[in-house]
Amino acid sequence: MVVCGDDGLAHRLAAELRGVHDEQVTLVVPPDRRTARPPVVGRARAASAALFDRMVSAAVGTVGRAGPPGQPTGPATGQRTDAEAVLEADEPTEAVLAEAGVARAAALALVYDDDETNIRAALTARRLNPRLRLVLRLYNRRLGQHIEELLDQAAALAAGDGAPGPGAGLDASTTVLSDADTAAPVLAATAVAGTSRVVHTEGLLLRAVERPLTGEDGTGPSTLALLSAGEQPPELLPGDEEVRRAAGRQAVVLEHVSSPTDPESAAPTRRLTGIMPLASLFSRRLRWSLAGLVGCVVALAVTLWLVTGIDLLRACYITLLDLFAIDDPAFKEPLGRQVLQLLSALVGLLLLPVLLAAALEALGTFRTASTLRRPPRGLSGHVVLLGLGKIGTRVLTRLRELNVPVVCVESDPEARGLATARRLRVPVVLGDVTQEGVLEAAQIHRARTLLAVTSADTTNLEAVLYARTVRPDLRVVLRLYDDDFATAVYRTLRAAHPNALTRSRSVTHLAAPAFAGAMLGRQVLGAIAVERRVLLFAAVDVDGHPQLEGRTLREAFRTGSWRALARLGHPDTSLDHVLEKGDRVVVAATRRGLAELR
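Here the sequence shown is numbered in the working numbering, starting from -12 and rising by one per residue.
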């Protein structure tokens, strides 16, 4: 396996492949220039540098620094080994990829933060090895679909000549993934109170919730994990006996398995469009004024009908003529008719300023449609989202799909997520969240959840600590880069505020299993975060699998590793159904359990 990248995802992915799946990995990273960087105010860069060292050690062992950039080095002696290697290079050029062994590799992951770099390297790698399995990290989903089709077509044409070569027999597929798309559903589900964790699989919809176990909970695939209690750590995929003994303990329970087309099982969604609702054109006061004038016109028309005895339709017509002052004066008409004409003219005079106000309000609404909205007064029960970068933008979209009210806070007026917030008409507060008054402007004191997903750990932590001084019971979700730091923060906040929900999440921690599964030829369908661990969902073919074929759904289980949940295409299958050839099941598994199912 070859992994190329320039941030924490590359190192975590390499560690995942080596530590969990026992693969031989070559890691291609930019040269370490930390000593040449200018001084930076704050500790965020120092924390990232320290984490870089730990991740390199975890991914490839202690790496020597004897060779120049571009030269692979091994552990202590500076010699490269087959199991672990690091190659330092500024860019994944053709020479660098050839040096990394792409021509004889089984799979290549390109996880640079820049889409163009990944695409250029993928085109080069496909030319070097047409049978290479490619995994790309792209933020632009539409472009990713086209690139995936292009690279798969190139692989098919190259394999059509039947010429043998390195990597013959491998699945030369191309998979385009996004760490933002992988992590956003988990972050959004964690932030929303009472919202089930949802995993969309191939033809199935899995929903899970956190709740205490009761004596009525049966054994089987319903209990996915037991949460930590006191000194007891969390347990993923517990056995039936552990579930029986855990009555009263908080657990992640599989609430529903159904077809996503079932209207009762679908999550509440709302179509997101850029069309302004008609009610937003006019203020409430103006709408009441128009309603009052309409009522006056109806009353005058009915009165004219009763006084003169003419037809009701003709009475309405004459009233409108009087209203707009285009009828003849009622000189020879009865007194009642003359009074009504005067009243209609008076109502017509009142109508002029109302029509002018309506025109001005509509013009002002259209002029401000392209500007950011401010949080409305009286807003409560909303989610305060800090950061509108790649992750924040995806989380915002997901929250609006769930019809959750959101107020965003962003310090960069050029952030990529501002256009999305403007299109979805989401209120935004521009300002540094660490400055006084910014969170108050987002009405944090009436919010349901604070979701901090900026790129700086210290900013997220400072915002959470300040928000807790305003609302000690506020639910908070943090995006933290360093796992050790995240664990310490999570435990401390949970101990200091036991009555408030605290969650810390790492995007690379959530995304790495999906990338690793794609490199191994398996696509991870989804992931559910269980405190600081991750439960993965994948589709597995039963045909020829000794741990699945010939067993029932209830028996297809290994405690703490993996469990079969349902047959794809048959959500209502009995747990006593015997799995046979042709069946395809969705399994919940730990990282190591998914590696065992390989």
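Beta carbons: idealized from backbone N, C-alpha and C, even for Gly.
Bounds of the beta strand (DSSP E) holding Leu552 are Trp549 to Arg554. The three-state secondary structure of Gly513, taken from DSSP, is strand. At the C-beta level, Val396 and Val371 come within 9 Å of one another. In the DSSP annotation of this structure, the continuous segment of the beta strand (DSSP E) that includes Asp528 starts and ends at Arg520 to Asp528. Burial of Val230 is indicated by the presence of at least 16 other C-beta atoms within 10 angstroms of its C-beta.
Nearest to Lys568 by C-alpha distance, out of Arg198, Val529 and Ser561, is Val529.
Val527 is not a Cβ neighbour of Val476, given a cutoff of 9 Å.
Three or more beta-carbon pairs drawn from the stretch 500 to 513 and the stretch 89 to 97 are found closer than 8 Å, and the two stretches are therefore classed as touching. Distance between Gly404 and Ala142, taken at the CA atoms: about 35 Å.
For Leu213, the enclosing beta strand (DSSP E) begins and ends at Thr210 to Leu213. Sequence-distant partners of Val179 (beyond 5 residues in either direction) whose C-beta falls short of 6 Å from its own C-beta, in its chain, are Val391. Counting only unbroken stretches of 3 or more residues, the beta strand (DSSP E) elements lying wholly within the stretch 117 to 151 are 120 to 124, in sequence order. In the three-state scheme derived from DSSP, where H, G and I count as helix and E and B as strand, Ser276 is classed as helix. Short of 8 Å from the beta carbon of Thr306, and not among the five residues preceding or following it, lie these beta carbons of its own chain, in chain order: Val284, Leu287, Ala288, Leu291, Leu327 and Ser331.
In this structure the stretch 215 to 235 does not lie against the stretch 417 to 431, because fewer than three pairs of beta carbons, one per stretch, are closer than 8 Å.
Taking the Cα of Gly508 as reference, the smallest distance to any Cα among Ile297, Leu581 and Gly6 is reached at Leu581. Burial check for Arg271: the Cβ neighbour count within 10 Å stays below 16, so the residue is exposed. For the alpha helix (DSSP H) assignment, the uninterrupted runs of no fewer than 4 residues enclosed by the stretch 463 to 499 are, from N- to C-terminal side, 470 to 483. When the beta-carbon positions are compared, Glu136 and Ala195 stay at least 9 Å from each other. Per DSSP, the unbroken alpha helix (DSSP H) holding Val382 starts and ends at Lys377 to Glu388. Three or more beta-carbon pairs separated by less than 8 Å are not found between the stretch 461 to 470 and the stretch 126 to 136, which leaves the two stretches without contact.
The beta-carbon distance between Ala112 and Leu84, rounded to whole angstroms, is 6 Å. This is short enough to meet the 8 Å contact definition. DSSP lists Trp549 as the bridge partner or partners of Arg545.
Only exposed fits Asn486, as fewer than 16 other CB atoms lie within 10 angstroms of its CB. Comparing alpha carbon positions, the residue from Val494, Val393 and Pro18 closest to Arg(-1) is Val494. Counting the other Cβ atoms within 10 Å of the Cβ of His432 gives fewer than 16, which makes it exposed.
Within the same chain, Leu373, Gly374 and Asn447 come within 6 Å of Thr441 by CB-CB distance, once the 5 residues on both sides are set aside.
Our two residues, Leu300 and Pro172, have alpha carbons roughly 58 Å apart in a direct line. For Ala87, there is no enclosing alpha helix (DSSP H), as DSSP gives it neither H nor E. Under DSSP, the beta-bridge partners assigned to Leu74 are Val15.
DSSP places Leu411 in no beta strand (DSSP E); its state is neither H nor E. In terms of Cα proximity to Ala434, the closest of Glu518, Asp460, Ala234 and Gly226 is Asp460. Residue environment: Pro225 is assigned as buried (16 or more neighbouring CB atoms within 10 Å of its CB, all protein chains considered). Note: Leu95 is bridge-paired with Val(-11) and Leu121 in the DSSP secondary-structure output. In this model, Pro199 and Thr162 are separated by some 39 Å (Cα to Cα).
When secondary structure is reduced to three states using DSSP, His432 falls in the helix class.
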